[in-house]
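Asks:
Residue numbers (this note's numbering): 12 to 198.
(1) In the DSSP output, what is residue 53 paired with across the bridge?
(2) Touching or not, the segment 73-84 and the segment 127-143, by the rule of three or more beta carbon pairs under 8 Å?
(3) Would you kindly check if the distance between the Cβ of residue 165 and the Cβ of residue 173 is under 7 Å?
(4) Span of the alpha helix (DSSP H) holding residue 44?
(5) Can you give me the start and stop residues for the beta strand (DSSP E) that residue 114 sits inside?
(6) Pick from 96, 21, 61, 121: whose alpha carbon is nearest that of residue 73?
(7) So, for residue 15: in the same chain, excluding its five sequence neighbours on each side, which residues have a beta-carbon less than 6 Å away from its beta-carbon?
(8) Taking buried to mean at least 16 other C-beta atoms within 10 Å of its own C-beta, is residue 218 buried or exposed?
(9) Can you tell me where the alpha helix (DSSP H) with residue 156 in it begins and where it stops?
(10) Can you give, in chain order, each stretch of the beta strand (DSSP E) that sits fully within the segment 60-131 and has at least 3 residues?
(11) Using only alpha-carbon positions, find the residue among 144, 147, 183, 152 that is nearest to residue 6.
(12) So does residue 197 have its beta carbon nearer than 6 Å to some heavy atom of the ligand SAH?
(13) May I ask you to report which of helix, strand or coil DSSP gives residue 19?
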């Protein structure tokens, strides 16, 4: 499988990529807003991951032809692999009841947004992917960061962002194990 050959991007490299993107946007007189999710935001903001394989994101409307050219330049400049930019996050976002975005970083022509820690935690609970996905570790750190101590607090937070009808058996098991790891009895 080719996944092993994908170069990981650490916090510094991610920030270098965004700076480079901003320079290319400036040269081409384009303004862009990008919302970054998942591993890339955990790497940049929470610094709990040494690196990520891709940048999970959603872009604002922009001249797509010119922007695709800028993305290709970026891929070449940083020796990035295919799939380094990942817009697949659009699909799970369809289940989100509301977006709670915060500004992460602003450049001259690029604005980077991120979901709030609460929204990110709700998205991690909904995804509840098995390893090697980092949803469990991320959810653990977000619960600690948000001082979530009870299952009720967690579910109350989740229902702000996702319909609780989407919490199935996989998510319930995920929540139970999350509680155990945090030192609580969330049966």
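We put the beta carbon where it would ideally sit given N, CA and C, even for glycine.
If you're wondering where the values come from, they're calculated on a predicted model, not measured in any experiment.
Replies: In short:
(1) On the chain shown, position 42 is the one that residue 53 refers to. DSSP lists no partner for residue 53.
(2) no
(3) Taking the first residue of the chain shown as 1, we reach residue 173 at position 162. Taking the first residue of the chain shown as 1, we reach residue 165 at position 154. Taking 7 Å as the Cβ cut-off, residue 173 and residue 165 do not qualify as a contacting pair.
(4) As a first step, residue 44 must be located in the chain shown, where it is residue number 33. Where residue 44 is concerned, there is no enclosing alpha helix (DSSP H), although the beta strand (DSSP E) it sits in stretches over 43-48.
(5) Residue 114 sits at position 103 when you count from the first residue of the chain shown. Element bounds for residue 114: 112-117.
(6) One-based indexing of the chain shown puts residue 73 at position 62. With distances taken between Cα atoms, residue 73 lies closest to 121.
(7) As a working note, residue 15 is residue 4 in the chain shown. Residue placement at residue 15 cannot be trusted, given a pLDDT of 44 that sits under 50; what the coordinates show is reported in the next sentence. For residue 15, where only same-chain residues beyond five positions count, there are no Cβ hits under 6 Å.
(8) Lying outside 12 to 198, the shown extent of the chain, residue 218 is not represented and no answer is given.
(9) On the chain shown, residue 156 is found 145 positions in, with the first residue counted as 1. Looking at the DSSP string, the run of the alpha helix (DSSP H) that includes residue 156 is 146-156.
(10) 66-70, 112-117, 121-126
(11) In the structure displayed, the chain extends from 12 to 198; residue 6 sits before or after that span and is not available.
(12) This structure lacks the ligand SAH; in fact it carries no ligand of any kind.
(13) By one-based count along the chain shown, residue 19 stands at place 8. Three-state DSSP puts residue 19 in coil, outside helix and strand.
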